[in-house]
Amino acid sequence: MRMRAAAPVVARHFLPGSLPLIAWSAGFDSRPGAPAGAPGSSKLPPAISVSMAMAREERRRLVLLIDCLRIGGAERQLITLAQSLGAKGFEVIVITYRDVPADVATFCVPPGVQHVHVPGRGWNRKLLRRLRALQPAWICGGLPRANLRLVLYRPWLGTTRLIMCFRSCCRPRQAPSLRRRIMLRAEPVFLRWADGVIANSQAGRDLLACASHGRIQARVVPNGIDTERFRPDADGGRRFRQEHGIRDDVALIGIVARLHYAKHHELFLLAAAQMPAAVQFACIGGGPVDYIRELQTMAQGLGLGARVLFTGDTADMGAAYNALSLCTLCSRFEGLPNALAEAMACGVPCVGTEVGDTAALLGETGVTVPPDDAAALAKAWGTVLSWDRARAGQRARQRILDCYSTAALAQRTAAVLEAIR
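The sequence shown begins at 5 in the working numbering and counts up by one.
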């Protein structure tokens, strides 16, 4: 009992490296030879188990758990999933538990999506009580911290099925901090205790299978794009250009991403310096003030000057995409890049680095280049800019409609949920 009582301590200090303690406190048999995911001390008396299972069969309630809804690809996908599953008859509740500073941009939850915020630090008893009271059929963790929290809470969640999402294709050696490296090494271990794992890319599935030595075979459910929100809009594109002083006849290459180490904005600027002087560039997305200044200084040093626009976070992303002649991503690692998929849905041709499922996403509608190769990136930009913009954009949008719609996201996710009900 003393070990089980230590679970709140693990949550408070959030040390994902303490794997034996995490496994034990989650109520699983971690002895050598025990089957992965086999229930231990969390097993309920037969009568209670049967009654709770019968109650679960009568509902389709799903909780989507994530720490916060700050602007990001995983957060946008979680909201999109909530909307699309709600349309299929699921009762979906989004629960967040971490407060966000006032200066950090967050998503507004759209009408029709239930959102509950249960703030708390460490163990967060209020959150656990709320999850127990809801008695959902499934709880789905959106990011590693939420997944780890579900592992710690599992002994108290009865027969609720735990689904965990794996979105990263970052290897531990690529992580920018020790804390992140520890989490990346721990994640394949605690994902073993899920009833099901969903990867948003084939590359992520393969990475997880390798890291877990084949113990985890995730099901691939690619991201879904709202093609009503992200669609061709010439007027919106012109409006965005006017707001930022960019003429309609100027070629504008944009990178749409938060300003973060993973997105490799330095490579974007190095490639931009190799393009003709008539081409302009936009970095669309927010980030730390110090990093923005560092990138601005780098742009000045490369002689780019006013040719590079830093917009910060933009409310009307559809207009921002439509303002671009070409959308690019220079990431060091990715799963399935939302920004490129959204740009394609807006009819914008794309260029990306060969990471994650970027090549599979673009297909024949765009171009991929090796990571860290500024010359290859600049050459690819020149190639795509020479294409017929309207025809290339139509092909890109059709690919999203065919393969990455929200209807497909809902159908694939529902199939996974029902399979482990």
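Ideal Cβ placement from N, Cα and C applies to all residues, glycine included.
What I want to know is whether the C-beta of residue i ends up closer than 7 Å to one or more non-hydrogen atoms of the ligand ATP.
i: ALA222; result: Among the ligands in the structure shown, none appear at all, so the ligand ATP cannot be discussed.
Just mark residue i as buried or exposed, buried being the case when its beta carbon has 16 or more other beta carbons within 10 Å.
i: GLY208; result: buried
i: PRO20; result: Annotation note: pLDDT 38 at PRO20 (below 50); position unreliable, no value reported.
i: ASP252; result: exposed
i: HIS217; result: exposed
i: PRO123; result: exposed
i: LEU328; result: buried
i: ALA303; result: buried
i: ARG171; result: buried
i: ASN326; result: buried
i: SER205; result: buried
i: LEU365; result: buried
i: GLU358; result: exposed
i: PRO114; result: exposed
i: VAL104; result: exposed
i: GLY367; result: exposed
i: ARG425; result: exposed
i: GLU247; result: exposed
i: ARG129; result: exposed
Would you kindly check if the distance between the Cβ of residue j and the Cβ of residue i is under 8 Å?
i: ALA347; j: CYS334; result: no
i: THR387; j: VAL373; result: no
i: ILE229; j: LEU263; result: no
i: ALA255; j: LEU389; result: yes
i: GLY116; j: GLN139; result: no
i: GLY146; j: LEU68; result: yes
i: LEU271; j: LEU308; result: no
i: VAL225; j: THR417; result: yes
i: THR110; j: ASP71; result: no
i: GLN284; j: GLY351; result: no
i: ARG165; j: ASP199; result: yes
i: VAL379; j: GLN278; result: The sequence as given places Ala at residue 379; Val does not occur at that position. A contact, by the Cβ cut-off of 8 Å.
i: CYS287; j: THR315; result: yes
i: ILE404; j: THR231; result: yes
i: ALA384; j: PHE337; result: no
i: ARG243; j: ALA323; result: yes
i: GLY291; j: VAL260; result: no
i: CYS174; j: LEU152; result: no
i: THR369; j: ALA396; result: yes
i: LEU66; j: VAL96; result: yes
In angstroms with no decimal places, state the Cα-to-Cα distance between residue i and residue j.
i: LEU212; j: ILE220; result: 7 Å
i: LEU132; j: LYS92; result: 27 Å
i: LEU154; j: ALA190; result: 14 Å
i: ASP294; j: LEU340; result: 28 Å
i: VAL426; j: VAL193; result: The displayed coordinates of the chain run from 5 to 425. Any statement about residue 426 would go beyond what the structure contains.
i: ALA137; j: ARG102; result: 20 Å
i: PRO49; j: LEU135; result: Confidence at PRO49 is low in this model, with a pLDDT of 42, below 50, so the placement of that residue is unreliable and no value is reported for it.
i: PRO148; j: ILE167; result: 12 Å
i: ALA319; j: ARG235; result: 16 Å
i: HIS269; j: GLN178; result: 16 Å
i: THR163; j: TRP142; result: 9 Å
i: GLY241; j: TRP127; result: 46 Å
i: LEU313; j: ALA276; result: 12 Å
i: PRO176; j: ALA215; result: 10 Å
i: ASP239; j: ALA343; result: 20 Å
i: GLY360; j: PRO375; result: 11 Å
i: ALA349; j: ARG233; result: 9 Å
i: GLN402; j: LEU182; result: 42 Å
i: ALA412; j: GLY356; result: 24 Å
i: VAL98; j: PRO280; result: 47 Å
i: VAL108; j: GLY77; result: 15 Å
i: CYS169; j: ASP317; result: 26 Å
i: ARG184; j: LEU195; result: 16 Å
Starting from residue i, follow the alpha helix (DSSP H) in both directions and report where the run begins and ends.
i: MET321; result: 321-326
i: THR315; result: Unbroken run through THR315 is the beta strand (DSSP E), 312-316; no alpha helix (DSSP H).
i: LEU274; result: 269-276
i: PHE244; result: 238-247
i: GLY397; result: 393-407
i: GLN284; result: Not the alpha helix (DSSP H): GLN284 falls in the beta strand (DSSP E), residues 284-288.
i: THR2; result: As shown, the chain starts at 5 and ends at 425. That puts residue 2 outside it, with no answer to give.
i: TYR295; result: 293-305
i: ARG219; result: Here ARG219 belongs to no alpha helix (DSSP H), and DSSP marks it neither H nor E.
i: VAL420; result: 410-423
i: ARG136; result: 129-138
i: THR387; result: 378-389
Tell me which residue opens and which closes the beta strand (DSSP E) that residue i is part of.
i: TRP142; result: 142-145
i: VAL201; result: 200-203
i: ILE257; result: 256-260
| said: Please give the ranges of any alpha helix (DSSP H) in the segment 52-119, keeping only runs that are unbroken, at least 4 residues long and fully inside the region. | reply: 77-90
| said: Give the list of continuous beta strand (DSSP E) stretches no shorter than 3 residues that lie fully inside the segment 344-370. | reply: Listed in chain order, they are 354-357.
| Entirely enclosed alpha helix (DSSP H) segments - the segment 151-195, minimum 4 residues | For the segment 151-195, whole alpha helix (DSSP H) runs of length 4 or above, ordered along the chain, are 182-194.
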